[in-house]
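First to last, the sequence lines map onto chains H and W. Its first residue numbered 0, the first sequence is counted upward by one per residue in numbering that gives the first Met the number 0. Its first residue numbered 0, the second sequence is counted upward by one per residue in numbering that gives the first Met the number 0.
Number of protein chains: 2
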Amino acid sequence: MTTTVTAAILVIGDEILSGRTKDKNIGYIAEYLTAIGIDTKEVRVVPDEEDEIVPALNTLRAKYNYVFTTGGIGPTHDDITADCIAKAFGVSIDVDPRARALLLERIAEKDLNEARLRMARIPAGAELVDNPISKAPGFMIGNVITMAGVPSIMQAMLDAVTPKLKTGTKMIQVTIEAAGMKEGDIGTEYGAIAKAHPGVIMGSYPMMNETGFFTRLVLRAKDPALLGPAEAAVVAMVERAKPATSEIKITRGA
Amino acid sequence: MTTTVTAAILVIGDEILSGRTKDKNIGYIAEYLTAIGIDTKEVRVVPDEEDEIVPALNTLRAKYNYVFTTGGIGPTHDDITADCIAKAFGVSIDVDPRARALLLERIAEKDLNEARLRMARIPAGAELVDNPISKAPGFMIGNVITMAGVPSIMQAMLDAVTPKLKTGTKMIQVTIEAAGMKEGDIGTEYGAIAKAHPGVIMGSYPMMNETGFFTRLVLRAKDPALLGPAEAAVVAMVERAKPATSEIKITRGA
Numbered sequence: 000m001t002t003t004v005t006a007a008i009l010v011i012g013d014e015i016l017s018g019r020t021k022d023k024n025i026g027y028i029a030e031y032l033t034a035i036g037i038d039t040k041e042v043r044v045v046p047d048e049e050d051e052i053v054p055a056l057n058t059l060r061a062k063y064n065y066v067f068t069t070g071g072i073g074p075t076h077d078d079i080t081a082d083c084i085a086k087a088f089g090v091s092i093d094v095d096p097r098a099r100a101l102l103l104e105r106i107a108e109k110d111l112n113e114a115r116l117r118m119a120r121i122p123a124g125a126e127l128v129d130n131p132i133s134k135a136p137g138f139m140i141g142n143v144i145t146m147a148g149v150p151s152i153m154q155a156m157l158d159a160v161t162p163k164l165k166t167g168t169k170m171i172q173v174t175i176e177a178a179g180m181k182e183g184d185i186g187t188e189y190g191a192i193a194k195a196h197p198g199v200i201m202g203s204y205p206m207m208n209e210t211g212f213f214t215r216l217v218l219r220a221k222d223p224a225l226l227g228p229a230e231a232a233v234v235a236m237v238e239r240a241k242p243a244t245s246e247i248k249i250t251r252g253a
Numbered sequence: 000m001t002t003t004v005t006a007a008i009l010v011i012g013d014e015i016l017s018g019r020t021k022d023k024n025i026g027y028i029a030e031y032l033t034a035i036g037i038d039t040k041e042v043r044v045v046p047d048e049e050d051e052i053v054p055a056l057n058t059l060r061a062k063y064n065y066v067f068t069t070g071g072i073g074p075t076h077d078d079i080t081a082d083c084i085a086k087a088f089g090v091s092i093d094v095d096p097r098a099r100a101l102l103l104e105r106i107a108e109k110d111l112n113e114a115r116l117r118m119a120r121i122p123a124g125a126e127l128v129d130n131p132i133s134k135a136p137g138f139m140i141g142n143v144i145t146m147a148g149v150p151s152i153m154q155a156m157l158d159a160v161t162p163k164l165k166t167g168t169k170m171i172q173v174t175i176e177a178a179g180m181k182e183g184d185i186g187t188e189y190g191a192i193a194k195a196h197p198g199v200i201m202g203s204y205p206m207m208n209e210t211g212f213f214t215r216l217v218l219r220a221k222d223p224a225l226l227g228p229a230e231a232a233v234v235a236m237v238e239r240a241k242p243a244t245s246e247i248k249i250t251r252g253a
């Protein structure tokens, strides 16, 4: 039997929407969650505005098993993520003694001003998520995990929270490609194979390298007993459709 | 007087959500739209599923001036974007003679099979968006612009559709940073300056380079008469807060 655990990623930050900062977290988190058996089903990027963050968070946390947020937990006025999460959950928020103690491991008490103490504001009832790099913690409340936006810190927080997460059956994946095989030549038959194999997610991606376009077929399933027959049917199709001179390349795993 | 034109980006594709493909379109489109005077206010990534695509599209097109979609307009069964857009708008969809003619510029008529003809399926009433690279067009219907997922083709389509778009006043931006200045030292005062200058979007970003963390302050506004006084106040603050040995670096423009 296979089990499914789902997640959404909520990226919070004007700088991503303006294009000034190029997000590096979505792809990292998505790949990481796939590897541990959590299926990312949706991503949203919203601005640093409470009226956008709170409804997005409430929609996503009701729909998926987990929501991972990035960004907006620093010391400045535009860092409003923690307050928005408290509001979404209807809980209070204040400086958390545990988080304050963590800040003091890196910051002298005399420098722990109002701005820096913002980083210790944690919604009531949340568990802290360790930040080995700069100490200011992330947190987990209900099914929402709140992490920093700086990629190195976010990655460390994701490692720290992973042992607390419920995971499902991992997707297994096989990638099939042949140089010179065109998506348009196999599209109809590939669609029929997909229809005949429910439970297998079958994607087709036009790719380009120095020799031109080619087609990458990706088959994904949680149950190997479903994946095997679909793979056999696709390989047989590719044998017929590929140019006689090219070889089929099959890759297993992510 | 300043005017605002808003947009959302809707990325369609399982391969982004699994993390197998790292999206390169969100940052490109966001930066491009900022440069022409359109403000991206939200991004969503959804899977290749009609029940997810249609509601997301209807929410976003009602809320923003434009929606730009990427992905899902190829020749295979998982390319369902055009059909979903027709469904969202409540219009019919069929092989479009104009799109079919474009495909024939690159594909011999004998090879124009059912799969390839999927790329000529265009919602009724849509205008085509030129694809100089591989001919299969994007399209624009109402306020929704549908583009390919392959970055080079998406970029060409964005260029092609730009003359048809209404644009607003461009954001002007000034970036202020000083080596060694810490976000936590200026957070409270910076927040007060932000509060005193409504109409100016003031962000603060912890950055890291080989010499350690530093702080980048970004001020954005559509009206230079608002931006100037805010900039002056921030520069005066940075003069006081930065280490005596470091210089203030001010950058104008994106």
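Virtual Cβ for every residue (Gly too), placed ideally from N, Cα, C. Values in this document were obtained by computation on a predicted structure and should not be read as measured data.
Quick one: list the residues of chain H neighbouring residue i, beta-carbon separation under 8 Å, in chain order.
i	result
W/Val53	What W/Val53 touches in chain H: nothing, since even the nearest Cβ is about 14 Å away.
W/Asn130	By Cβ distance, chain H contributes nothing, its closest Cβ being about 12 Å from W/Asn130, past 8 Å.
W/Arg117	Gly186
W/Val149	Pro205, Met207
At a CB-CB cut-off below 9 Å, which residues of chain H make contact with residue i?
i	result
W/Arg43	Glu41, Val42, Arg43, Val44
Would you check if the distance between the CB atom of residue i and the CB atom of residue j is smaller than 8 Å?
i	j	result
H/Val42	H/Ile8	yes
W/Ala229	W/His196	yes
H/Ile92	H/Arg120	yes
W/Gly26	H/Gly18	yes
W/Ala81	W/Asn57	no
H/Thr68	W/Leu16	no
W/Val90	W/Gly137	no
W/Asn177	W/Lys221	The sequence given here places Ala at residue 177 of chain W; Asn does not occur at that position. Cβ distance not < 8 Å, so W/Ala177 and W/Lys221 don't count as in contact.
H/Tyr31	H/Leu157	yes
W/Arg60	W/Gly190	no
H/Gly73	H/Met118	yes
W/Ile175	W/Ile247	yes
In angstroms with no decimal places, state the Cα-to-Cα distance between residue i and residue j.
i	j	result
H/Lys62	H/Glu209	42 Å
W/Val237	H/Val10	29 Å
H/Thr2	H/Thr168	5 Å
H/Asp13	W/Glu188	20 Å
H/Gly70	H/Met170	28 Å
W/Ile132	W/Ile152	6 Å
W/Tyr65	W/Asp77	25 Å
W/Phe108	W/Leu116	For the sequence presented, residue 108 of chain W should be read as Glu rather than Phe. Each residue's Cα considered, the two are about 11 Å apart.
H/Glu182	W/Ala114	8 Å
W/Asn24	W/Leu127	20 Å
W/Met201	W/Pro96	50 Å
H/Gly36	H/Ala29	11 Å
H/Met206	W/Pro150	10 Å
H/Pro162	H/Ala34	14 Å
W/Thr5	H/Gln154	32 Å
W/Lys134	W/Leu164	21 Å
Is any beta-carbon of chain H found at less than 8 Å from that of residue i?
i	result
W/Pro205	yes
W/Thr2	no
W/Ile25	yes
W/His77	Per the sequence presented here, residue 77 of chain W reads as Asp, with His not at that position. By this cut-off, W/Asp77 is an interface position.
Would a check of beta-carbon distances place residue i closer than 8 Å to chain W?
i	result
H/Leu16	yes
H/Tyr331	Only positions 0 to 253 of chain H appear in the structure, and residue 331 of chain H is not among them; the question remains open.
H/Val66	no
H/Gly202	yes
H/Ile171	no
H/Asp22	yes
H/Thr166	no
H/Ala193	yes
H/Thr80	no
H/Thr33	yes
Note down, in chain order, every chain H residue with its Cβ under 7 Å from the Cβ of residue i.
i	result
W/Pro74	Glu182, Gly183, Gly186
Please list the partners that residue i has in chain W, where partner means a Cβ-to-Cβ separation under 7 Å.
i	result
H/Glu113	Thr187
Since residue i sits in a beta bridge, which residues does DSSP pair it with?
i	result
H/Glu238	Partner(s): none; H/Glu238 has no beta bridge.
H/Tyr65	H/Ala6
H/Ala220	H/Ile171
W/Val42	H/Val44, W/Ile8
W/Thr250	W/Thr174
H/Met207	H/Phe212
W/Met139	W/Glu126, W/Ile144
For residue i, which residues in chain C fall below 8 Å Cβ to Cβ?
i	result
W/Arg97	Checking the listed chains, one finds no chain C in this structure; the protein chains it contains are H and W.
Name, please, each residue of chain W whose Cβ falls closer than 8 Å to the Cβ of residue i.
i	result
H/Ala29	Ile15, Leu16, Ser17, Gly18
H/Thr161	The contacting residues do not exist; H/Thr161 stays about 15 Å from chain W at best.
H/Val217	Glu14, Arg19
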